[in-house]
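The structure appears right after this line, and notes come after that.
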Amino acid sequence: MTHDTASALSATALPGLAQVRARIAAAEAAAARPHGAATLVAVSKTYGAEVMEQALAQGQRVFGENRVQEAQGKWPALKAAHPDIVLHLIGPLQTNKAADAVALFDVIETLDRPKLAQALARAMDQAGRRPPVLVQVNTGLEEQKAGCAPAETAGLVEQARALGLTVQGLMCIPPADQDPAPHFALLRTLAEQLGLTTLSMGMSGDFETAIAEGATHVRVGSAIFGHRT
Ligand SMILES: *Cc1c(COP(=O)(O)O)cnc(C)c1O
Numbered sequence: 032m033t034h035d036t037a038s039a040l041s042a043t044a045l046p047g048l049a050q051v052r053a054r055i056a057a058a059e060a061a062a063a064r065p066h067g068a069a070t071l072v073a074v075s076k077t078y079g080a081e082v083m084e085q086a087l088a089q090g091q092r093v094f095g096e097n098r099v100q101e102a103q104g105k106w107p108a109l110k111a112a113h114p115d116i117v118l119h120l121i122g123p124l125q126t127n128k129a130a131d132a133v134a135l136f137d138v139i140e141t142l143d144r145p146k147l148a149q150a151l152a153r154a155m156d157q158a159g160r161r162p163p164v165l166v167q168v169n170t171g172l173e174e175q176k177a178g179c180a181p182a183e184t185a186g187l188v189e190q191a192r193a194l195g196l197t198v199q200g201l202m203c204i205p206p207a208d209q210d211p212a213p214h215f216a217l218l219r220t221l222a223e224q225l226g227l228t229t230l231s232m233g234m235s236g237d238f239e240t241a242i243a244e245g246a247t248h249v250r251v252g253s254a255i256f257g258h259r260t
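Adding 31 to a residue's 1-based position in the sequence shown gives its number in the numbering used here.
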């Protein structure tokens, strides 16, 4: 394959990626926010390295994975080839996987309890690597969902900082059956109260709403890569 053929193919390999980028730009403009205000975290779970190569060929560098083990099988080689990749952990983290997460991920979005803050701090001290973290907030107080309660957020942020973690912001996943806008607004208010600037909120079904509510990072999977099986 000639170089021209390869790039022509890769430019169209993931039409969803171009579409999502255009929708993000439109949502930023509609909210009178600057272009680039919301970073696209391409959620690549269940898709293999070949699909990631297509996204990389289209200039995507920020990715999200929800399982440490799956990410370990896919990303080390890709990161070696593209050192500018920024990999976010967006799924629940067990304390016994903290060291693995610290070694591989560049942002850990799912800090939600003091025990995990302690495990991450220990792992970071040992690794000499300190990826920033976000605190996941369970804005809908759903029993089955990870995240700390809104009322516990300030305390957890303070504890994490006392342990030496770099807390950059907050993350949430609103209840699937509710209007997400009030949840995004709550997350923004909490972040403002705590002086935090990063807001990871919005997925394929609601990222435009999240951008209107101030998201700095949107985590979008199926709208880019297609429906997961
Ligand atoms: C899978 C996942 C996403 C992306 O979901 P889509 O609806 O496919 O865009 C975003 N955030 C988290 C935490 C996820 O697990």
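Glycine residues also receive a C-beta, built at the ideal position from the N, C-alpha and C atoms. In this text the structure is predicted, and so the values were computed from the model without any measurement.
From this set, the options, which residue's C-alpha is nearest residue i's C-alpha?
i, options, result
"Ala108", "Gln91, Met83 and Leu227", "Met83"
"Gln149", "Val251, Ala130, Ala134 and Phe136", "Ala130"
"Thr197", "Glu140, Asp115 and Ala241", "Glu140"
"Pro114", "Pro123, Asn127, Gln100 and Gln91", "Gln91"
"Cys203", "Ala44, Val249 and Leu225", "Val249"
"Gln70", "Tyr78, Thr170 and Glu59", "Reading off the sequence shown, one finds Thr at residue 70, where the question assumed Gln. The residue with the shortest Cα to Cα distance from Thr70 is Glu59."
"Phe136", "Asp156, Thr170, Arg98 and Ala57", "Arg98"
"Gly245", "Thr220, Leu147, Thr170 and His258", "Thr220"
"His258", "Ala185, Ala44 and Ser75", "Ser75"
"Gln224", "Gly186, Leu124 and Val251", "Gly186"
"Pro65", "Val72, Met232, Ser235 and Ala243", "Ala243"
"Leu118", "Val93, Ala111, Gln125 and Gly104", "Val93"
"Leu147", "Arg161, Pro123, Gly104 and Tyr78", "Pro123"
"Gly236", "Leu218, Gln209, Ala216 and Ala88", "Gln209"
"Leu172", "Leu227, His214 and Leu151", "His214"
"Gln175", "Gln100, Val72, Leu230 and Pro206", "Pro206"
"Ala182", "Tyr78, Ala222, Gly104 and Ser253", "Ala222"
Put residue i into one of helix, strand or coil per three-state DSSP.
i, result
"Gly95", "strand"
"Leu48", "helix"
"His248", "strand"
"Leu142", "strand"
"His235", "Residue 235 is actually Ser in this sequence, not His. Looking at Ser235 - three-state DSSP - the assignment turns out to be coil, as it is neither helix nor strand."
"Thr197", "coil"
"Ile124", "At residue 124 the sequence reads Leu, which differs from the Ile that was named. DSSP places Leu124 in coil when its eight states are reduced to three."
"Thr229", "strand"
"Ala254", "helix"
Could you give the C-beta distance for residue i and residue j, rounded to a whole number, given that I count them as a contact under 8 Å?
i, j, result
"Leu142", "Val164", "5 Å"
"Ala158", "Ala134", "6 Å"
"Pro211", "Thr240", "6 Å"
"Ala177", "Gln167", "6 Å"
"Leu45", "Ala86", "6 Å"
"Gln199", "Thr170", "Their Cβ separation, rounded to whole angstroms, is 18 Å, which puts Gln199 and Thr170 out of contact at 8 Å."
"Val138", "Pro162", "6 Å"
Is there a C-beta anywhere in chain B that falls below 8 Å from the one on residue i?
i, result
"Leu165", "In the structure shown, chain B does not exist; there is a single protein chain."
- Below 5 Å from a heavy atom of ligand 1 - residues by beta-carbon: Val74, Asn97, Ile121, Met234, Ser235, Arg250, Val251, Gly252 and Ser253
- Within the stretch 59-108, ranges of the beta strand (DSSP E) (whole runs, at least 3 residues): If only uninterrupted beta strand (DSSP E) runs of at least 3 residues are considered, those enclosed by the stretch 59-108 are 70-74 and 93-96.
- Task: Just list the alpha helix (DSSP H) runs in the stretch 157-225, keeping only unbroken ones of 4 residues or longer that don't cross its boundaries, in chain order.
- Result: 184-193 and 212-225
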